[in-house]
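Each remark here refers to the structure printed beneath this line.
In the working numbering, the protein residues as written are 77 to 425.
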C-alpha cells in the first residue's frame, strides 16, 4: 500500500471516562503525528455526555476538515458497541483501533498498511509495550502475563507472522472483514470499570476466519504502541482479578465457537510457554536474582485463577445465564441476530 492510500485508514479510539483526559489527548496526538497520515481519527464516547461535550469542544476546530471527529456510542454500553459505532461511521477502507490510554509510534500506521499489500490479509495487529506508571516492571510480574495489562506477552511469535487473532487495542482490519463477519459481539468484552472481561476480538477473529476461510490475519511487531499501566494494575489483586475474568471470557468464546478453536492457541501457551516461565523464575530465584520466586508463583496463581474462571464461566454458559450477540454493522451497535450464545482481551493470539 503506497503512502497515497494512507488516507484510506480511519483510526477509532473508544473512550469512556474523563479520568483519562490527558491520555486521550496524547493518543490523538500520536495518530496525527504518523508518518503515514490517517484519513481521520474517530473518538467514540461511551455513554458519557460530559466527556462527549468536552471532547467536542476540544476538537471543534477540526470539524470542517474531518481530521478528528467525536461521536457518541449508538449501541449498548461497552467497548464492542463503541467499536461498532466507529466502524459504521468510518470513511476509510481500513479501520485501525488504538486504546485510549496508549500512544502509537510514528510508523505505526505505515507498517499496518504494508501488511495489506497482500489482498488476502484482512487484519494486521501490532506490538503493545507496557508503560509502567511506577517507571519499572514489578519484580514479581511475569512477562508471560503482560496480556493482563493489555500488552504483548512473552510467547507470541516475533516479526510479521500469521495468527489466529489480533489483540484489539492495537489492530487494523479491512472494512471487508466487517462486511463478511458483522461487528464485534456485544455482551462480551469491556464495559467501563466493571469486571475486566475481554476476548471480543478473539471471538470476532475466529468468526471472521469461518466467514472467509482463506483470510490471513497477521501480527507485525514493528507496529508499536505504548500502553499506560496505572499503579492500580501493577498490584497482585488486579492480576488475580484479570486472570479470573480471562477464564470467564474464554468460557464464553469456547461456548460460541467451540473449544477446539476457542482454546487452540491457549493450549500451546499453557503447555509450553508457561512451564518455561516457571522454570526460568525458579532458576532466577536459585541464582539470587530479584523476583524470580515471585514470577514463578504468579504464573502458577494466574493459571489457577484463570482455570477457576473458566470452570465458573462454563457452568454459567451451560445454564444460559449470559448471552451475547453480533450482527451487521449499523444495526445500533451490532445487536442483530447473528451470534447468539449463552454466555469476554485474549490471552493468546
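All residues carry an ideal CB built from backbone N, CA and C; glycine is no exception. As the structure is a prediction and not an experimental result, all values here were calculated from the model.
For residue i, three-class secondary structure by DSSP
| i | result |
| --- | --- |
| residue 281 | helix |
| residue 413 | Because the pLDDT of residue 413 is 35, which lies under 50, any placement of that residue in the model is unreliable, and the number read from its coordinates should be weighed accordingly. In this structure, residue 413 counts as coil in the three-state DSSP scheme. |
| residue 292 | strand |
| residue 116 | strand |
| residue 173 | strand |
| residue 262 | strand |
| residue 240 | coil |
| residue 445 | Residue numbering for the chain in the displayed model covers 77 to 425; residue 445 lies beyond these limits and cannot be assessed. |
| residue 297 | strand |
| residue 249 | strand |
| residue 212 | coil |
| residue 148 | strand |
| residue 321 | helix |
| residue 269 | With a pLDDT of 49 at residue 269, under the threshold of 50, the predicted position of this residue should be treated as unreliable, and no value is reported. |
| residue 304 | strand |
| residue 180 | strand |
Selected residue, minimal CA-CA separation from residue i, among the options
| i | options | result |
| --- | --- | --- |
| residue 202 | 184, 222, 315, 212 | 184 |
| residue 262 | 149, 112, 117, 246 | 149 |
| residue 325 | 366, 279, 152, 313 | 279 |
| residue 115 | 237, 168, 162 | 168 |
| residue 226 | 310, 348, 374 | 310 |
| residue 181 | 124, 121, 237, 108 | 108 |
| residue 211 | 387, 405, 303 | 303 |
| residue 366 | 205, 215, 144, 145 | 215 |
| residue 354 | 220, 328, 144, 89 | 220 |
| residue 306 | 162, 224, 403 | 224 |
| residue 313 | 196, 91, 217, 163 | 217 |
| residue 93 | 86, 104, 87, 123 | 123 |
| residue 162 | 286, 206, 394, 254 | 254 |
| residue 134 | 105, 112, 113, 151 | 105 |
| residue 171 | 356, 286, 89, 346 | 89 |
| residue 341 | 213, 136, 275, 256 | 275 |
| residue 428 | 343, 194, 327, 373 | Given a span of 77 to 425 for the chain in the structure shown, any question on residue 428 remains unanswerable. |
| residue 87 | 207, 361, 277, 176 | 176 |
| residue 111 | 138, 186, 144 | 186 |
Range covered by the alpha helix (DSSP H) that runs through residue i
| i | result |
| --- | --- |
| residue 190 | 184 to 191 |
| residue 97 | 97 to 108 |
| residue 48 | No answer is possible for residue 48: it lies beyond the span of the chain, which begins at 77 and ends at 425. |
| residue 369 | 368 to 395 |
Residue i: first and last residue of the uninterrupted beta strand (DSSP E) it sits in
| i | result |
| --- | --- |
| residue 132 | Careful: residue 132 lies outside any beta strand (DSSP E), inside the alpha helix (DSSP H) at 125 to 134. |
| residue 201 | 197 to 208 |
| residue 89 | 85 to 91 |
Cβ separation of residue i and residue j, assumed to be a contact under 8 Å, to the nearest whole Å
| i | j | result |
| --- | --- | --- |
| residue 431 | residue 158 | The structure shown does not extend to residue 431, since the chain is modelled only from 77 to 425, so the question has no answer here. |
| residue 173 | residue 247 | 5 Å |
| residue 118 | residue 147 | 6 Å |
| residue 291 | residue 363 | Not really, about 46 Å apart at Cβ, beyond 8 Å. |
| residue 204 | residue 243 | 7 Å |
| residue 250 | residue 192 | 7 Å |
| residue 358 | residue 368 | 7 Å |
C-beta neighbour in chain D for residue i, strict 8 Å
| i | result |
| --- | --- |
| residue 287 | Protein chains in the displayed structure number just one, and chain D is not present. |
State whether the region 81 to 101 contacts the region 117 to 137, with contact taken as three or more CB pairs (one from each stretch) at a distance under 8 Å.
The region 81 to 101 vs the region 117 to 137: in contact.
Exercise for the section: Would you be able to state if there are at least three C-beta pairs under 8 Å between the region 224 to 238 and the region 287 to 307? Expected result: yes
Check whether the region 373 to 385 touches the region 314 to 324, counting contact only when three or more Cβ pairs, one atom from each stretch, lie closer than 8 Å. yes
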